[in-house]
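Trainee: 117 is the number that the working numbering gives to position 116 of the sequence shown; each next residue is one higher, with no gaps.
We put the beta carbon where it would ideally sit given N, CA and C, even for glycine.
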Amino acid sequence: MSVLSGKKILIGVTAGIAAYKIAGLVRLFIKVGTEVKVVMTPASKDFITPLTLSTLSKNPVHSSFYDQEDENAVWNNHVDLGLWADFMIIAPATANTLSKMATGNSDNLLLATYLSAKCPVYFAPAMDLDMYKHPSTHETFKKLQEFGNIMIPAESGELASGLVGQGRMAEPEAIVDFVEKDIVSKLPLKGQRVLITAGPTYEAIDPVRFIGNHSSGRMGIELACAAANLGAQVDLILGPSSLKVDHSFVNVINVVSAKDMYHAVVSNYNNCDIAIASAAVADYRPKHVSDQKIKKADTAFSIDLERTQDILKWMGVEKKNQFLVGFALETDNEEENAKNKLKNKNLDLIVLNSLNDKGAGFKGKTNKVSLINHKFEIKAFELKTKAAVAQDIFNEINTLRNV
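Have a look at this one:
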């Protein structure tokens, strides 16, 4: 999954020969999971048709403030378009349009939308060699970047005029890569490593049976994706789960038993900046594991159990500079038990949820949590999706780490 997944991208197309590449750019943005809308200058329609781009983006393409052939048409609101986008990308960006952007000239829908945009704006210049080298063009580049716009440098190569040099619009793959890297470079967890344990553990009784629990691993997976979307490199130690993780910043380490998870944590703990123990680790395991399937008998059957390693306790003892987060799933005396765990395990933050709260706990897609920090201050949240809960947890982590 790309850091752009779920984002809204507004592409502004101007009248350059490189406009033909925008079909490929739209497809690439769709492929990484974005929603795309396109606004065009009237002259750009000579290079690529709105029908092509609307088909690929699955959204209407606008190039004027209203449909002149329909006297009852509703105007295309440039303000709404500008506010809709998470990111705006003007490509190809001709010298003419760039000059108008720098001076605030708003003589078409694209320029009015640009002036209304509240999101980061990227521009990918495309023009001939002499135009690209002209002092006025470089003044325009400078001014636009001073405004906070982000320039995607033109590439060198053969130009439409037959000249060879700088001025070619960056290829669609390069534009997507540039935007992704620029976004990641500004994320709050850029350069940080996050270690997360998730899911259940299975403790073998024999080759067929095991002791386990109902954890699906969903909460930990959402935490991993949230951390990755904030720019972190994530090691996700995942017990047996049917759920899959698809994010280029998440390294999944599959384990089965509590012992497996313990060894994986020990191997990765010293390298992390933030550690979150969200796994539902078995507290006990069979003392003796049969190497043959245990046959059913008419008499009662009992299993001798022994304690598993207390992974979170080990993490608290070995903690150096890590920010350590634990989970407490309780059924009674919830706050008192969570505070005791916070203190006894040397945690910086504990996430409390209760099986008494409908929609919280295992298996479901929602959770209802309270966050308790090292000062025993409590923040309670309403029932939310686990993805939203993950965001709340990282908001609190970032706040506490920056105090």
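State the DSSP-derived secondary structure class of Arg-210, mapped to helix, strand or coil.
Mentor: Coil, per DSSP.
Trainee: Out of Ala-103, Gly-149, Leu-190 and Val-326, which one is the CA nearest neighbour of Cys-120?
Mentor: The shortest C-alpha separation from Cys-120 is found at Gly-149.
Trainee: Tell me whether Met-41 sits in a helix, a strand or coil according to DSSP, three-state version.
Mentor: Strand at Met-41.
Trainee: Residue range of the alpha helix (DSSP H) that Phe-88 falls in?
Mentor: Here Phe-88 belongs to no alpha helix (DSSP H); instead the beta strand (DSSP E) covers 88–94.
Trainee: To which residues of the same chain is Asp-358 closer than 6 angstroms at the C-beta, ignoring the five residues directly before and after it?
Mentor: If we look at Asp-358 and ignore the five residues flanking it on each side, its Cβ neighbours are Lys-369.
Trainee: Return helix, strand or coil for Asp-236, following the three-state DSSP convention.
Mentor: DSSP places Asp-236 in strand when its eight states are reduced to three.
Trainee: Could you give the uninterrupted runs of the alpha helix (DSSP H) lying entirely in the segment 277–325, keeping only those of 4 residues or more?
Mentor: List check, alpha helix (DSSP H) in window: 312–319.
Trainee: Give every residue of the same chain whose Cβ lies closer than 7 angstroms to the Cβ of Ala-381, excluding the five residues on either side of it in the sequence, and list them in chain order.
Mentor: Correct list, in chain order: Ser-371.
Trainee: Within 10 Å of its beta-carbon, does Glu-383 have 16 or more other beta-carbons around it, so buried, or fewer, so exposed?
Mentor: Classification of Glu-383: exposed, given that the 10 Å Cβ count is below 16.
Trainee: Looking only at its chain, what residues have a beta carbon closer than 7 angstroms to the beta carbon of Lys-387, apart from the 5 residues adjacent to it on each side?
Mentor: Within the same chain, Lys-387 has close Cβ partners Arg-219, Met-220, Glu-223, Lys-366, Thr-367 and Asn-368.
Trainee: Report back the beta-carbon spacing between Gly-200 and Ser-258 to the nearest angstrom; my notes put them in contact at under 8 angstroms.
Mentor: With 8 angstroms as the limit, Gly-200 and Ser-258 do not qualify as a contact, their Cβ atoms being about 12 angstroms apart.
Trainee: Helix, strand or coil for Val-180, going by three-state DSSP, please let me know.
Mentor: Here Val-180 sits in helix by DSSP.
Trainee: To the nearest angstrom, how far is the alpha carbon of Cys-273 from that of Ser-217?
Mentor: Approximately 24 angstroms between the Cα atoms of the pair.
Trainee: Where does the unbroken beta strand (DSSP E) through Phe-124 begin, and where does it stop?
Mentor: Start and end: 122–126.
Trainee: Have a look at Arg-210 and Gln-310 and give me their C-alpha separation to the nearest angstrom.
Mentor: In a straight line, the C-alpha of Arg-210 is about 21 angstroms away from that of Gln-310.
Trainee: Can you have a look at Pro-136 and say buried or exposed, based on whether 16 or more other CB atoms are within 10 angstroms of its CB?
Mentor: Exposed, because fewer than 16 other Cβ atoms sit within 10 Å of the Cβ of Pro-136.
Trainee: Phe-328 bridges to which residues according to DSSP?
Mentor: Partner(s): Val-352.
Trainee: Terminal residues of the continuous alpha helix (DSSP H) containing Gln-392?
Mentor: Taken as a continuous stretch (DSSP letters only), the alpha helix (DSSP H) holding Gln-392 covers 387–402.
Trainee: Per DSSP, which residues does Gln-167 bridge with? Please list them.
Mentor: Answer is Ser-157, bridged to Gln-167.
Trainee: I need the DSSP call for Ile-222, collapsed to helix, strand or coil.
Mentor: Helix at Ile-222.
Trainee: Where Leu-111 and Pro-154 are concerned, what is the direct C-alpha to C-alpha distance, given to the nearest angstrom?
Mentor: Cα-Cα distance, rounded: 21 angstroms.
Trainee: With distances taken Cα to Cα, identify the nearest neighbour of Gly-17 among Ser-3, Leu-160 and Gly-83.
Mentor: Taking only the C-alpha atoms, the option nearest Gly-17 is Leu-160.
Trainee: Mind checking whether Thr-50 and Lys-9 have CB atoms under 8 angstroms apart?
Mentor: For Thr-50 and Lys-9, no; Cβs fall outside 8 angstroms.
Trainee: Do Thr-35 and the ligand ADP come close, with the Cβ less than 7 angstroms from some heavy atom?
Mentor: Of ligands this structure carries none, so the ligand ADP is not represented either.
Trainee: Could you give the DSSP three-state label for Glu-172: helix, strand or coil?
Mentor: Glu-172 falls in the coil class under three-state DSSP.
Trainee: Just mark Tyr-115 as buried or exposed, buried being the case when its beta carbon has 16 or more other beta carbons within 10 Å.
Mentor: It counts as buried.
Trainee: Using the Cα positions of Arg-28 and Glu-307, report the straight-line distance between them to the nearest angstrom.
Mentor: Rounded to whole angstroms, Arg-28 to Glu-307 spans 56 angstroms at the Cα level.
Trainee: Ser-107 to Val-39, Cα distance in whole Å?
Mentor: Approximately 18 angstroms, taken between the alpha carbons.
Trainee: Look at the Cβ atom of Phe-30, then the Cβ atom of Val-177, and state whether they are nearer than 8 angstroms.
Mentor: The answer is yes: Cβ separation under 8 angstroms.
Trainee: For Asn-214, which residues of its own chain have a beta-carbon under 6 angstroms away from its beta-carbon, when the five flanking residues on both sides are left out?
Mentor: Closer than 6 angstroms at Cβ, skipping near neighbours: Pro-201 and Ala-281.
Trainee: When you compare only the Cα positions, how much space is there between Ser-45 and Ile-184?
Mentor: Whole-angstrom Cα-Cα distance: 28 angstroms.
Trainee: Looking only at its chain, what residues have a beta carbon closer than 7 angstroms to the beta carbon of Lys-288, apart from the 5 residues adjacent to it on each side?
Mentor: So the qualifying residues of the chain are Asp-305, Leu-306 and Glu-307.
Trainee: Specify the secondary structure class of Thr-198 as computed by DSSP and reduced to three states.
Mentor: Residue state, collapsed to three classes: strand.
Trainee: Who are the Cβ neighbours of Cys-226 in its own chain at under 6 angstroms, not counting the five residues just before and after it?
Mentor: Around Cys-226: His-248.
Trainee: Buried or exposed: which applies to Gln-234, given that a residue is buried once 16 or more other Cβ atoms fall within 10 Å of its Cβ?
Mentor: Buried.
Trainee: Nearest-angstrom Cα distance between Ile-398 and Gln-193?
Mentor: Their Cα atoms are separated by approximately 13 angstroms.
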